[in-house]
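Below is one structure; the comments refer to it alone.
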Amino acid sequence: MIFPGIPVSKGIAVGTAFVYAPFKPRIGENLIRAEEAAAHNERFNAVVIKAGDELVALQKKMAREDEDKVGIFEAHQDLLTDIAIIDEILQLINEEHYSGEYAIETVYNKYIKLFSEMDDDLMRERCADFNDVKTRILRIWMGGSQKNLSEIDVPSIVFAHDLFPSDTAALDRKKVLAIVTEIGGNTSHSAILARSFEIPALLGCNGAMTAVKNGEMVIVDAIEGNLILESGPEDIGRYSEKQKAYTRSIEEMKRYRSVEPVMKDGRRIEVCLNIGGVSNDELAASLFTDGVGLFRSEFLFMSGKELPDENQQFQVYKKAAETFGTRQVILRTLDIGGDKTLECMDLPEEDNPFLGCRALRLCFQKVDVFKTQLRASLRASVYGNLALMFPMVGSMEDLYKAKSVLEECREELRREHIPFNETMHIGIMIEIPAIAFMAERVAAEVDFASIGTNDLCQYLMAVDRLNPNVASYYQNYHPAMFGLINLVAKAFLRENKTLSICGEMGGDPMALMAFIGMGIKKFSMSASNVAAVKRMITHFSLDEAVHVLEDIQRLDTAPEIEERLKDFGEKLYT
Ligand code: PEP
Ligand code: MG
Numbered sequence: 124m125i126f127p128g129i130p131v132s133k134g135i136a137v138g139t140a141f142v143y144a145p146f147k148p149r150i151g152e153n154l155i156r157a158e159e160a161a162a163h164n165e166r167f168n169a170v171v172i173k174a175g176d177e178l179v180a181l182q183k184k185m186a187r188e189d190e191d192k193v194g195i196f197e198a199h200q201d202l203l204t205d206i207a208i209i210d211e212i213l214q215l216i217n218e219e220h221y222s223g224e225y226a227i228e229t230v231y232n233k234y235i236k237l238f239s240e241m242d243d244d245l246m247r248e249r250c251a252d253f254n255d256v257k258t259r260i261l262r263i264w265m266g267g268s269q270k271n272l273s274e275i276d277v278p279s280i281v282f283a284h285d286l287f288p289s290d291t292a293a294l295d296r297k298k299v300l301a302i303v304t305e306i307g308g309n310t311s312h313s314a315i316l317a318r319s320f321e322i323p324a325l326l327g328c329n330g331a332m333t334a335v336k337n338g339e340m341v342i343v344d345a346i347e348g349n350l351i352l353e354s355g356p357e358d359i360g361r362y363s364e365k366q367k368a369y370t371r372s373i374e375e376m377k378r379y380r381s382v383e384p385v386m387k388d389g390r391r392i393e394v395c396l397n398i399g400g401v402s403n404d405e406l407a408a409s410l411f412t413d414g415v416g417l418f419r420s421e422f423l424f425m426s427g428k429e430l431p432d433e434n435q436q437f438q439v440y441k442k443a444a445e446t447f448g449t450r451q452v453i454l455r456t457l458d459i460g461g462d463k464t465l466e467c468m469d470l471p472e473e474d475n476p477f478l479g480c481r482a483l484r485l486c487f488q489k490v491d492v493f494k495t496q497l498r499a500s501l502r503a504s505v506y507g508n509l510a511l512m513f514p515m516v517g518s519m520e521d522l523y524k525a526k527s528v529l530e531e532c533r534e535e536l537r538r539e540h541i542p543f544n545e546t547m548h549i550g551i552m553i554e555i556p557a558i559a560f561m562a563e564r565v566a567a568e569v570d571f572a573s574i575g576t577n578d579l580c581q582y583l584m585a586v587d588r589l590n591p592n593v594a595s596y597y598q599n600y601h602p603a604m605f606g607l608i609n610l611v612a613k614a615f616l617r618e619n620k621t622l623s624i625c626g627e628m629g630g631d632p633m634a635l636m637a638f639i640g641m642g643i644k645k646f647s648m649s650a651s652n653v654a655a656v657k658r659m660i661t662h663f664s665l666d667e668a669v670h671v672l673e674d675i676q677r678l679d680t681a682p683e684i685e686e687r688l689k690d691f692g693e694k695l696y697t
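Note that the sequence shown covers residues 124 to 697 in this note's numbering.
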């Protein structure tokens, strides 16, 4: 029997199933007598205290094992002690005379529904936290003891309808060979944690819980996206081999993570990192990269209900700068709008948000927010090699205006005698075709630029980058993309200014050959692409790269170019 699922954390596992069915409350709409309300109040308060104690214990455990995960339980503490939620529960008990358990269930469900209807994926995923806290409170209310995945004693494949963040965080990674759940997707908490633990995970595997038997031998193929049950010895043998081969290929690829990215002819290429925050997980790749080519600072603003103030931002930028020392960290100023919205900021509803008030345009409207970020970045600039990059620059006026706001901030800091690096490098993202065509003038005005191929492709092809209906028109390998990028590369070479690529194409080993042929020597990518990119770099020379570029310049269509790049790539490794 084969069940398809979403492979959110790649890998293959063969092992016995551990069916995890945690406490599931069944709550009726029970009323109590008025005189019982006081006792329910008291019991509720005691339950909240006990739940708080459990969360503190989990936080301590996480602080010892994986500090980054402590935040999950801190967030649960906030939900547990949220005054509005507690008031609503007590009101249902005291005024409407509902039983405590019904009041808890009702109020938490209200918030779960509210968050589940939000447009923002991140907000929707908060439902899992509400559910987690609700279940914890109800379990204690009903006298149940704490159960979690740390109880697994032999290495197993964990099956669950869904996993709460606390389940996943508490699991012992040596005992969990893989995770299979019936719901969840690529951006859910469980997926993020599974990836950071490097545990293969297949989510959204509909019907798996009813079909699987505890202790049964199962196969999880979290590469192709299949769960295989009732498998015979032949399947098990085949997948065990596949698993070994996959592990070998990952180990082999990982070896390239720490090699020097030097081409066959001795040319050194810079391989940098795209980050969205400064958690230990994100910064781990600092050990084998040349700096940060893109720090998407908006992620800092997307996680909280309030805007991070100057000091909070300063601490984060300082940590990034200090981690990389003399290596450059390019901090991109707030790129909000388009698909990225903020809970902490009221943004206008727009018909075409990708063509609307996005990134720098929004910063010009909300100058205070912009200035706070610029001040924090300037202050952090003395702690390392920090550079600033403006996104969505469409004209020279945009650039001049951004620079003049920056100058105001510098002036303020000088007046306040706050130190900052007067020579901090300033650059822009090239992601609007209009500014790409102005590359010559831009290059004279900036210290560096980075090509955002994700948006450049969207705006050049007139294709919404998120709309699956037109996905086939979103052609990274379109000849016009290479033509335009080449034009920008030539302009920056002439001006002797650094040009990098930090969109998804920056981590694409195939496209890399053509870009190096254009004279680009710096690429920024997510940590997972570093090994493959370095492997590619070490396998060819500039002459070969120029040959690849000249060859694809003769082709007319994206599929032809893709095919040709693939052929070149394959030849290099044989
Ligand atoms: C890009 O557009 O290529 C880019 C790197 O920025 P983002 O993906 O954050 O829009
Ligand atoms: Mg962009």
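Cβ atoms here follow ideal geometry from the backbone N, Cα and C, with glycine treated the same way.
- Between the region 340-348 and the region 372-383 there are fewer than three C-beta pairs closer than 8 Å, too few to call the two in contact.
- By the C-beta criterion, the region 528-540 is judged not to be in contact with the region 574-583, since fewer than 3 inter-stretch pairs fall below 8 Å.
- Only residues of its own chain outside the window of five on either side were considered, and among them Y379 have a CB closer than 6 Å to the CB of R658, listed in chain order.
- About 17 Å separates the beta carbons of A174 and I235, which is beyond the 8 Å limit, so they are not a contact pair.
- In chain order, R247 place their CB closer than 7 Å to the CB of M241, counting only its own chain and leaving out the 5 sequence neighbours on each side.
- DSSP places K428 in the coil class of the three-state scheme, outside both helix and strand.
- P556 sits away from I675, with the two beta carbons spaced by 9 Å or more.
- Secondary structure at V142: strand, using DSSP grouped into helix, strand and coil.
- Fully enclosed beta strand (DSSP E) runs of no fewer than 3 residues occupy 129-132, 135-142 of the region 129-182, in order along the chain.
- Residue range 349-351 is occupied by the beta strand (DSSP E) that includes L350.
- A Cβ-Cβ distance of about 6 Å is found for the pair Y143 and F282, placing them in contact under the 8 Å criterion.
- When rounded, the separation of the alpha-carbon atoms in E364 and P145 is 33 Å.
- Just so you know, the alpha carbons of V303 and C328 end up roughly 7 Å apart.
- Our two residues, D404 and I574, have alpha carbons roughly 26 Å apart in a direct line.
- Beta-carbon to beta-carbon, L245 and M425 are separated by about 6 Å, close enough to satisfy the 8 Å threshold.
- Counting C-beta pairs closer than 8 Å gives three or more between the region 609-623 and the region 559-566, which meets the contact rule.
- Of the heavy atoms belonging to the ligand MG, none sits nearer than 8 Å to the Cβ of E627.
- 9 Å or more divides the Cβ of N397 from the Cβ of V385.
- Separation of the CB atoms of M515 and E554 is rounded to 6 Å, and the pair is thereby assigned contact status at 8 Å.
- Counted as a single uninterrupted DSSP element, the stretch harbouring C467 is not any beta strand (DSSP E), since DSSP gives it neither H nor E.
- For E473, the CB contacts under 6 Å within the same chain, skipping 5 residues up- and downstream, are G479 in chain order.
- Contact between S409 and T449 is ruled out by a C-beta separation of about 12 Å, above the 8 Å threshold.
- Taking a C-beta distance under 9 Å as the contact criterion, L665 and D255 do not qualify as a contact pair.
- DSSP places I549 inside the beta strand (DSSP E), whose first and last residues are 549-553.
- Of the heavy atoms belonging to the ligand MG, none sits nearer than 8 Å to the Cβ of M246.
- For R296, there is no enclosing beta strand (DSSP E), as DSSP marks it with neither H nor E.
- Nearest in C-alpha terms to M552, of all of L154, I624, P127, N508, is I624.
- Contact between A407 and Y506 is absent: CB atoms are separated by about 20 Å, not below the 8 Å threshold.
- Going by DSSP, V490 is part of the alpha helix (DSSP H) stretching over 490-503.
- Checking the 8 Å criterion, the Cβ of M552 is within range of a heavy atom belonging to the ligand MG.
- Within the chosen limit of 8 Å, the ligand MG reaches the beta carbon of N577 through at least one heavy atom.
- Taking 8 Å as the upper bound for CB-CB distance, V193 and E211 are not in contact here, some 28 Å apart.
- When C-alpha distances from R156 are compared across G223, T464, I172, T139, the shortest belongs to G223.
- In the assembly as shown, S651 is an exposed residue. Its beta-carbon has fewer than 16 other beta-carbons within 10 Å.
- In summary, R259 is buried, with 16 or more beta-carbon neighbours lying within 10 Å of its beta-carbon over all protein chains present.
- Contact between M636 and V671 holds, since their C-beta atoms are separated by about 4 Å, short of 8 Å.
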